[in-house]
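Sequence positions in the sequence shown follow this note's numbering and run 13 to 86. Where a beta carbon is used, it is the ideal one built from N, C-alpha and C, also for glycine. What follows is a set of notes on a single structure, which appears directly below.
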Amino acid sequence: MAFETELKETCPFCKKGTVIIMEKPAYRKFQTSRGSGVSNTYQVNVKGDFRVASGCSECGKTREEIKQKIYGDT
Numbered sequence: 013m014a015f016e017t018e019l020k021e022t023c024p025f026c027k028k029g030t031v032i033i034m035e036k037p038a039y040r041k042f043q044t045s046r047g048s049g050v051s052n053t054y055q056v057n058v059k060g061d062f063r064v065a066s067g068c069s070e071c072g073k074t075r076e077e078i079k080q081k082i083y084g085d086t
């Protein structure tokens, strides 16, 4: 499952510009483990993810600066 949703948010610095954030939602998938004559199917929860796709259209802050402001030191 590889689809992403585009979210338009206001800039955390100037509060005027637009920043595009791509969201990948959390989902469940099924995996199968196989052994000698035995197989087992189980669910795996995959975490969602966010990424900053653009800088600010007004103040010119970069994607990295916006990411640090929103998510902290990651």
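Exercise. Between which two residues does the alpha helix (DSSP H) harbouring residue 20 extend?
Worked result: Run containing residue 20: none in the alpha helix (DSSP H); it sits in the beta strand (DSSP E), 17-22.
Exercise. How would you call residue 64, buried or exposed, if buried means at least 16 neighbouring beta carbons within 10 angstroms?
Worked result: buried
For this session: Please determine, among 21, 53, 25, 81, the residue with the shortest C-alpha to C-alpha distance to residue 44.
Result: 53
For this session: Report the three-state DSSP secondary structure of residue 81 (helix, strand or coil).
Result: Note: residue 81 maps to helix in three-state DSSP.
For this session: At 3 residues or longer, and completely inside the segment 20-76: list those beta strand (DSSP E) runs for me, N to C.
Result: Qualifying beta strand (DSSP E) stretches, in chain order: 30-36, 39-46, 51-58, 61-64.
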